[in-house]
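Visitor: For the sequence shown, this note's numbering assigns the number 10 to the initial residue and increments by one for each residue that follows. Please find one structure pasted underneath; my questions will follow.
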Amino acid sequence: MQRVNARHGTMQRNLYLLLHRHKWVEIHKP
Numbered sequence: 010m011q012r013v014n015a016r017h018g019t020m021q022r023n024l025y026l027l028l029h030r031h032k033w034v035e036i037h038k039p
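So this is what it looks like as structure tokens:
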């Protein structure tokens with residue numbers, strides 16, 4: 010259970026980072 014939970018947390022964090030990076034790129038587009 011803990012292992013699955015950890016994997017889910019990592020997926021959520023990766024998704025958040027991807028969304029955040031996309032937003033940053035959108036904001037800082039030349």
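Every residue gets a Cβ at the ideal spot worked out from N, C-alpha and C, and that includes glycine.
By the three-class DSSP mapping on this structure, what secondary structure does K38 have?
Guide: coil
Visitor: Report the rounded CA-to-CA distance for T19 versus H31, giving the unit in angstroms.
Guide: 18 Å
Visitor: How big is the Cα-Cα spacing for H29 and H37?
Guide: Roughly 12 Å between the two C-alpha positions.
Visitor: Could you give the distance in angstroms between the alpha-carbon of R12 and the alpha-carbon of E35?
Guide: 35 Å
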